[in-house]
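Just so it is clear: in the sequence shown, position 152 is 152 by full-length UniProt numbering, and no numbers are missing.
Read through the structure below, which is laid out as structure tokens, and then see the notes.
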Amino acid sequence: MDAGFEARLHADGVTFEARDADLLRAVDSEGSLNAAAAALERSYSRSHERLGDLEGAFGPLVERTRGGSGGGGSRLTDRARALLARFDRLRAEYSGVAAGAETVLEGEVLGRTGELATVRTGVGELRALAPDGAEAVQVTLRADAVTLHDPDEAPPAGGTSARNRLAGTVDGVDAGEAVARVAVDVGATDPLVALVTVESLERLDLRPGRPVVATFKATATRAVER
């Protein structure tokens with residue numbers, strides 16, 4: 001299992017995310033699933049299938065009517081509106097927590113391939129976006145770009161050169177109503193900070209002393225000259 005942060009809700013193995021919220025809102029505004037799919041430039045059959053998956057996990061979300069003077073249509077159930085409100089609260093809390101949540105590491109550029117540089121830091125070599133000619137740099141990593149994994153299920157080292165990988169232990173957890181800030185000791189002066197949902201916090205059993213692997217894309221890792 002892994003935990004990175006994008007607003008997501010989970011139920012019975014199904015994940016509700018931004019695309020699903022967009023679909024429900026389009027049904028609400030357009031009055032039918034067919035019109036909603038067209039407005040979003042999506043396949044009707046796939047949208048219908050996705051809605052079925054969501055309703056199987058989260059309960060009835062769209063009430064359908066047939067015929068009548070209005071020709072029938074669809075509208076959101078109270079359950080769907082509550083789900084959207086919960087999703088919006090999750091995103092709002094995330095936005096507040098994410099502000100200023102980042103990790104900064106000192107490093108030296110060892111080499112580069114195009115815009116991506118290999119940077120030696122106190123926690124090992126990282127791949128990062130770096131300006132031309134930079135040698136001594138500060139590497140900045142946003143907390144929402146970090147994904148936490150159970151060590152037994154983490155991607156293998158070297159599995160992709162575009163992803164950085166650091167092993168560590170959970171140093172502390174600051175949990176809000178929907179989002180948690182997790183500090184991970186990776187051997188740096190300051191801990192690496194990651195944002196996860198409270199659901200992921202519980203699913204991965206993230207607590208002080210728990211071993212984890214943090215991964216983050218090279219393109220989400222930025223170096224500036226110092």
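From the three backbone atoms N, C-alpha and C, an ideal C-beta is built for every residue, glycine too.
Source: prediction; values computed, not measured.
Next item on the list: Report buried or exposed for G172, applying the criterion of at least 16 other Cβ atoms within 10 angstroms of its Cβ.
Entry: Within the sequence shown, numbered from 1, the residue matching residue 172 stands at position 172. Flag for G172 reads exposed.
Note to self: Tell me the rounded alpha-carbon separation between A3 and E30.
What the structure shows: For this step, residue 3 is matched to residue 3 along the sequence shown. For this step, residue 30 is matched to residue 30 along the sequence shown. Annotation note: pLDDT 49 at A3 (below 50); position unreliable, coordinate value reported separately. So the alpha carbons of these two residues sit roughly 34 Å apart.
Checklist line | Straight-line Cα distance separating G73 from G187 | finding: Translated into the one-based positions of the sequence shown, residue 187 becomes position 187. Translated into the one-based positions of the sequence shown, residue 73 becomes position 73. Going from the Cα of G187 to the Cα of G73 covers about 58 Å.
Notebook entry, point to check: By how many angstroms is the C-alpha of A38 removed from the C-alpha of V198?
Noted result: Locating residue 198 in the sequence shown gives position 198, where the first residue counts as 1. Locating residue 38 in the sequence shown gives position 38, where the first residue counts as 1. Their Cα atoms are separated by approximately 34 Å.
Item checked: Runs of beta strand (DSSP E) wholly within the segment 117-169 (minimum 3 residues, chain order) -> 124-129, 136-142 and 147-149
Margin query: Considering just the uninterrupted stretch of the beta strand (DSSP E) at R66, what are its terminal residues?
Written below: Here the question's residue 66 lines up with position 66 in the sequence shown. V62 to R66 is the span of the beta strand (DSSP E), which, as asked, contains R66.
Item checked: S74 - DSSP class collapsed to helix/strand/coil -> If you number the sequence shown from 1, residue 74 lands on position 74. Of the three classes helix, strand and coil, the one that applies to S74 here is strand, per DSSP.
Checklist line | Residue closest to A57, alpha-carbon to alpha-carbon, out of L83, V137 and A145 | finding: Within the sequence shown, the letter at position 57 stands for residue 57. Closest by alpha carbon: L83.
Item checked: DSSP state of D205 mapped onto helix, strand, coil -> In the sequence shown, counting from the first residue as 1, residue 205 sits at position 205. Secondary structure at D205: coil, using DSSP grouped into helix, strand and coil.
Next item on the list: Determine the extent of the alpha helix (DSSP H) in which A37 is found, giving its start and end residues.
Entry: The residue labelled residue 37 in the question sits at position 37 within the sequence shown. Here the alpha helix (DSSP H) through A37 covers L33 to A39.
Checklist line | Pair within 7 Å by beta-carbon distance, A117 and V109 | finding: Counting from one through the sequence shown, the residue named residue 117 turns up at place 117. Counting from one through the sequence shown, the residue named residue 109 turns up at place 109. Yes, these two residues count as a Cβ contact at 7 Å.
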